[in-house]
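A quick write-up on the structure given underneath.
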Amino acid sequence: MEGPRRRTRASGTPPGGNPVTDRHILVVAHTGRPESLGAAVTVCEHLRAAGLVPVVAADSLDDIREAWGADALHVLGDDVEVGDLELVIVLGGDGTILRAAELARGGSAPLLGVNLGHVGFLAESEKDDLGKAITRALGRDYLVEERMTMSVRVKVGTEVIYESWALNEATVEKGSRERMLDVVVEVDSRPLSSFGCDGVVMSTPTGSTAYAFSAGGPVVWPSLDALLLVPLSAHALFARPLVVGPNSSLAVEVLERSQGFGVLWCDGRRAFDLPPGARVVARRSSTPVRLARLHQAPFTDRLVKKFALSVTGWRGPVEPGEATEPVTGAIELPLLGEEEGRPA
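End of the sequence shown sits at 384 in this note's numbering; the numbers just go up one at a time, nothing left out.
As structure tokens, then:
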């Protein structure tokens, strides 16, 4: 096991000539976008041709059924339970993957993301590789990587008034634009600093390239066990991003003197209004999110590719017999779809 990521080879026998009706693969797509809806139909057709009945969420059933022109669909929660899922194929950007993680919560099915959005940090394949991704999914030809998540509680006094979780981040934000939020942040049940701010982000390493990144937080490699705390527009001399160990707890308390009210957002999907005096506590969750990986590529290469970083001038490790002239052009980094990375 390497940090929060545990790689395991998916087991099982690839489908043969006979229908495999006991395999359940959930298809999640942003059906309001024509490209995503078309990709969902393509995946459903491939699954059906392999003898499977595609599984879809109830809120996308009508759109996919109408676009596909077929009724051969199972509905998650009605025909198939979360625990029965083998895999979740996600078609879209990181927001769609976060939705899929919410749908699959409570089961062990990994998420295989095909990026149809912009950056798509969590996605494994691009839209041009959709056919290959489906083939490997049907053959169970992928690795499984675990990403740590956070458990989130809201307390008022000793009473827990709300519980949730997050793969990327839990954010305490001001609820009205014209009012700052007065908060106290704490680490391991000890107060650290109080200030007025627009909010505070509590993030996992996976979320370090999401909201926390936009707020000036550090990029944390997903192999590291850690929690991050990043203030948003804080009026304070000490309001630096913090990185703490995986067994630590982070908390943000909305002070009674706050003129505005606060809102808790978990992964930008689940919201809860925070009354004055509410305390939001984030800890490492015992339930990770599992991602299906088709390729083994260094996270460094993912950063370079997704952020289009310039690496011009890099010469890299010098091996015996290699030329040592400096590189003057662009570097040909291995694509995320290649099996081998550049030597360390």
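Ideal Cβ positions, reconstructed from N, Cα and C, are used throughout, including at glycine.
- When the beta-carbon positions are compared, R323 and R139 stay at least 9 angstroms from each other.
- Buried is the label assigned to I174, since at least 16 other Cβ atoms lie within 10 Å of its Cβ.
- Contact fails between the segment 114-123 and the segment 71-91, because fewer than three Cβ pairs, one in each stretch, are under 8 angstroms apart.
- Assigned with DSSP and collapsed to three states, S248 falls in helix.
- Here G160 really is in contact with G133; their C-beta atoms are around 5 angstroms apart, less than 8 angstroms.
- Note that the C-beta distance between T246 and L272 is not below 9 angstroms.
- Counting C-beta pairs closer than 8 angstroms gives three or more between the segment 289-302 and the segment 310-329, which meets the contact rule.
- The three-state reading of DSSP puts G153 in strand, counting E and B together.
- Between the segment 279-286 and the segment 191-205, the count of C-beta pairs closer than 8 angstroms stays below three; the two stretches do not touch.
- Taking the CA atoms as reference points, I65 sits about 17 angstroms from S165.
- With a cut-off of 8 angstroms on Cβ pairs, the segment 262-281 is in contact with the segment 227-243, counting three or more such pairs.
- Using a 10 angstroms sphere on the CB of E126, the tally of other CB atoms reaches 16 or more, which defines it as buried.
- A distance of 9 angstroms or more separates the beta carbons of V351 and V320.
- Close CB contacts of K346 within its chain, under the 6 angstroms cut and outside five residues either way in sequence, are with V159 and F161 (chain order).
- Residue pairing by DSSP places R324 opposite M190 in a beta bridge.
- The distance from the Cβ of L156 to that of A107 is about 15 angstroms, inconsistent with a contact at the 8 angstroms cut-off.
- Exclusion of the five residues before and after L113 leaves C84, V93, P94, V95, V96, L101, I104 and R105 as the residues of its chain whose Cβ lies within less than 8 angstroms of its Cβ.
- Within the segment 84-171, the beta strand (DSSP E) runs of at least 3 residues that lie entirely inside it are, in chain order, 127-132 and 151-155.
- For L343, there is no enclosing beta strand (DSSP E); the residue is found in the alpha helix (DSSP H) stretching over F339 to F347.
- Under a 10 Å Cβ-count criterion, D307 is classified as buried, with 16 or more other Cβ atoms of the shown protein chains found around its own Cβ.
- DSSP places S243 in the uninterrupted beta strand (DSSP E) bounded by G239 to S243.
- The criterion of a C-beta distance shorter than 9 angstroms is not satisfied by R330 and S191.
- Taken through DSSP and simplified to helix, strand or coil, L183 comes out as strand.
- Counting of Cβ neighbours within 10 angstroms places E199 among the exposed residues, the total staying below 16.
- Excluding its 5 nearest sequence neighbours in each direction, T71 has C-beta neighbours in its own chain below 7 angstroms: L77, A80, S100, D103 and I104, listed in chain order.
- Look at P231 here: in three-state DSSP terms it is strand.
- Contiguous beta strand (DSSP E) elements confined to the segment 253-323 occur at 267-272, 282-284, 290-294, 302-306 and 310-314, taking only those with 3 or more residues.
- In this structure, V270 sits near A252, with a CB-CB distance shorter than 9 angstroms.
- Ranked by Cα distance from L183, the options L151, D168 and K167 are led by L151.
- Take the alpha-carbon of T340 and the one of E185: they are about 17 angstroms apart.
- Straight-line measurement puts the Cα of T82 at about 11 angstroms from the Cα of E75.
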